[in-house]
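A.B. asks: Please read through the structure below; I'll follow up with questions.
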Amino acid sequence: MSGHSKWATTKHKKAIVDAKRGKMFAKLVKNIEVAARIGGADPEGNPTLYDAIQKAKKSSVPKDHIDRAVKRGGGIGADAVDYTTIMYEGYAPGGVALLVECLTDNKNRAAMEVRTAMTRNNGTMADPGSVSYMFHRKGVIMVPAEQDGSETDEDTVLMAVLDAGAEEVNDLDGTFEIISEATDLVAVRTALQDAGLDYDSADASFVPTMTVDVDVDAATKILKLIDALEDCDDVQNVFSNFDASDEVMAQVE
Numbered sequence: 001m002s003g004h005s006k007w008a009t010t011k012h013k014k015a016i017v018d019a020k021r022g023k024m025f026a027k028l029v030k031n032i033e034v035a036a037r038i039g040g041a042d043p044e045g046n047p048t049l050y051d052a053i054q055k056a057k058k059s060s061v062p063k064d065h066i067d068r069a070v071k072r073g074g075g076i077g078a079d080a081v082d083y084t085t086i087m088y089e090g091y092a093p094g095g096v097a098l099l100v101e102c103l104t105d106n107k108n109r110a111a112m113e114v115r116t117a118m119t120r121n122n123g124t125m126a127d128p129g130s131v132s133y134m135f136h137r138k139g140v141i142m143v144p145a146e147q148d149g150s151e152t153d154e155d156t157v158l159m160a161v162l163d164a165g166a167e168e169v170n171d172l173d174g175t176f177e178i179i180s181e182a183t184d185l186v187a188v189r190t191a192l193q194d195a196g197l198d199y200d201s202a203d204a205s206f207v208p209t210m211t212v213d214v215d216v217d218a219a220t221k222i223l224k225l226i227d228a229l230e231d232c233d234d235v236q237n238v239f240s241n242f243d244a245s246d247e248v249m250a251q252v253e
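Structure (structure tokens):
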């Protein structure tokens, strides 16, 4: 899991930086709207909405933005919205698989944005099903090692979530990554809360079942492509199966 963990570390750090940008705020707000539309506007009865709100709060999205997003998604008021989830598949340089998850109110616009980003950054689109089989839907929770001013350890995190359905806990240099079945995500998150442990994010994600080793040149091109895709307004998440050593990632960073 070392390659996956290194990429997970990079992705987590990147998310913290991206959260400072207005575009990331828009994506977090859209997640809230969709969660409210699907499961209702009450976060106590809608775990997906609860997690979307918590993630937005941790990224400093203003409270009034969050409240308006809940109302729009819940169909409350004149600004109700309706988004469609679309998954595009493709390849990055080096034969690396990509899943591009979009939330959009305009399928044609989303398809054009993704295709353009791919074409301009050495990527290629793939047929549905040709890439997705390389990934499994999993629950992924990121827990900071620093809790209330003191460091926690891997054993503490593992003991808190083991009986709730956690499959593994990975130490990612200052952050613990907890992997579970997607259906156990809420139970694992609740177990963390019951144990008094804070978390940065709790998401249903796509985790690769196989990885592709890449060198510095390929890793640089792959991250450039991922950045271009994530800059698209309708793209919510980009999942990849590339594997790079610490030495390679250090040269890219």
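The sequence shown runs 1 to 253 under UniProt numbering.
Just so it is clear, CB atoms sit at the ideal spot from N, CA and C, and this is done for glycine as well.
#1: Kindly provide the ranges of any alpha helix (DSSP H) runs that are 4 or more residues long and lie completely inside the UniProt domain "TACO1/YebC-like second and third" (83-242), ordered along the chain.
#2: So, helix, strand or coil for Gly75, using DSSP?
#3: Quick one: any contact between the stretch 162-176 and the stretch 221-228, if contact means 3 or more CB pairs under 8 Å?
#4: Would you identify the three-state DSSP class for Ala26, choosing helix, strand or coil?
#5: With DSSP as the reference, label Asp42 as helix, strand or coil.
#6: Taking C-alpha atoms, which residue in Asp233, Ser150, Ile179, Asp184 lies nearest to Met142?
#7: Which two residues bound the contiguous alpha helix (DSSP H) that contains Val252?
#8: Residue range of the alpha helix (DSSP H) that Pro62 falls in?
#9: Beta-carbon separation of Asn122 and Ala145 under 9 Å?
#10: Which same chain residues, not among the five before or five after Gly74, have their C-beta less than 6 Å away from its C-beta?
#11: Do you know how far the Cα of Thr152 is from the Cα of Ala187?
#12: Have a look at Asp64, Asn31, Asn241, Asp155 and flag the residue whose alpha-carbon is nearest the alpha-carbon of Thr211.
#13: If Ala52 and Ile32 are in contact, beta carbons under 8 Å, what's the gap, nearest whole angstrom?
#14: Distance, Cα to Cα, Leu103 vs Phe25?
#15: Can you give me the C-alpha to C-alpha distance between Arg137 and Lys27, rounded to a whole angstrom?
#16: Mind checking whether Ser205 and Lys55 have CB atoms under 9 Å apart?
#17: Out of Val157, Cys232, Ala244, Asp233, which one is the CA nearest neighbour of Ile222?
#18: Give the straight-line distance between the Cα atoms of Lys58 and Tyr199, rounded to the nearest whole angstrom.
C.D. replies: According to the data block:
#1: DSSP runs (the alpha helix (DSSP H)) wholly in the UniProt domain "TACO1/YebC-like second and third" (83-242): 107-120, 154-161, 185-194, 216-230.
#2: Collapsing the DSSP output to three states places Gly75 in coil.
#3: No, the stretch 162-176 does not touch the stretch 221-228.
#4: Of the three classes helix, strand and coil, the one that applies to Ala26 here is helix, per DSSP.
#5: Asp42: coil per DSSP, three-state reduction.
#6: The option with the nearest alpha carbon to Met142 is Ile179.
#7: Element bounds for Val252: 246-252.
#8: Boundaries for Pro62: no alpha helix (DSSP H) harbours it, and the DSSP string shows neither H nor E there.
#9: The answer is no: Cβ separation not under 9 Å.
#10: Listed in chain order, the non-local C-beta contacts of Gly74 below 6 Å within the same chain comprise Ala36, Ala41, local neighbours out to five positions each way being set aside.
#11: For Ala187 and Thr152, the distance between alpha carbons rounds to 21 Å.
#12: Minimum Cα distance to Thr211 is reached at Asn241.
#13: So it is a contact: roughly 5 Å between Cβ atoms.
#14: Distance between the alpha carbons of Leu103 and Phe25 is about 14 Å.
#15: Here the alpha carbon of Arg137 sits roughly 20 Å from the alpha carbon of Lys27.
#16: Using a Cβ distance threshold of 9 Å, Ser205 and Lys55 do not count as a contacting pair.
#17: Out of Val157, Cys232, Ala244, Asp233, the CA that lies nearest to the CA of Ile222 is found in Ala244.
#18: Going by the C-alpha atoms only, they are around 9 Å apart.
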